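Here the sequence shown is numbered in my numbering, starting from 133 and rising by one per residue.
For each residue, glycine too, the CB sits at the ideal point set by N, CA and C.
Every value quoted in this text rests on a predicted model; they were computed, and no experiment measured them.
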Amino acid sequence: KSWRDSLKSLEQLHVPRPYLPMSLLSAPHRELCVFSDASTMAICAVAYLRVVDEDGHSLVGFCMGKSKVAPHHTTTVPRLELCAAVLAVELADTLIDELDTNIHA
Numbered sequence: 133k134s135w136r137d138s139l140k141s142l143e144q145l146h147v148p149r150p151y152l153p154m155s156l157l158s159a160p161h162r163e164l165c166v167f168s169d170a171s172t173m174a175i176c177a178v179a180y181l182r183v184v185d186e187d188g189h190s191l192v193g194f195c196m197g198k199s200k201v202a203p204h205h206t207t208t209v210p211r212l213e214l215c216a217a218v219l220a221v222e223l224a225d226t227l228i229d230e231l232d233t234n235i236h237a
């Protein structure tokens with residue numbers, strides 16, 4: 133029972149997840165780059181965080197990826213590409229909300 137009660141304290145647990153070998157707050161320029169693709173088998177989207185440091189050097193780190201199996205009914209590839217684009221926008225919205233920093237365009 134005491135072990136179960138101790139789990140309540142985990143709600144406030146925060147584990148830092150480094151995307152890059154530098155602090156995001158110290159980078160003067162931050163971009164979120166999201167790509168999507170589709171085939172008759174699946175759709176996917178992937179997001180990378182690109183930062184430029186004070187010296188002008190670019191660093192890129194993987195943030196998140198998501199894939200889904202394409203619907204079984206007959207769907208055209210352009211339609212699936214649109215579905216992948218929607219998935220990419222959802223991925224970007226989630227990351228912009230969850231990252232603790234401002235993202236530049």
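Within 9 Å, strictly: CB atoms of S168 and A202: no
Beta-carbon gap between L164 and L227 smaller than 9 Å: It is a contact, given that the beta carbons lie within the stated cut-off.
Sequence ranges, beta strand (DSSP E) only - wholly within the region 146 to 205, length at least 3: 161 to 170, 174 to 184 and 190 to 201
CA-to-CA distance, M154 to L219, given in whole angstroms: 29 Å
Proximity winner among C176, V184, L231 and D137, relative to K198 (alpha-carbon distances): Nearest of C176, V184, L231 and D137 to K198, Cα basis: C176.
Inter-residue Cα distance where the pair is V183 and L212: 31 Å
C-beta atoms of L181 and L139 nearer than 9 Å: no
Where A174 falls, given that 16 or more other Cβ within 10 Å makes a residue buried: exposed
Spatial distance of V209 from Q144 (CA atoms): 44 Å
Residue-level contact to chain B via CB, T206, 9 Å cutoff: Among the chains of the structure shown, chain B does not appear; only one protein chain is present.
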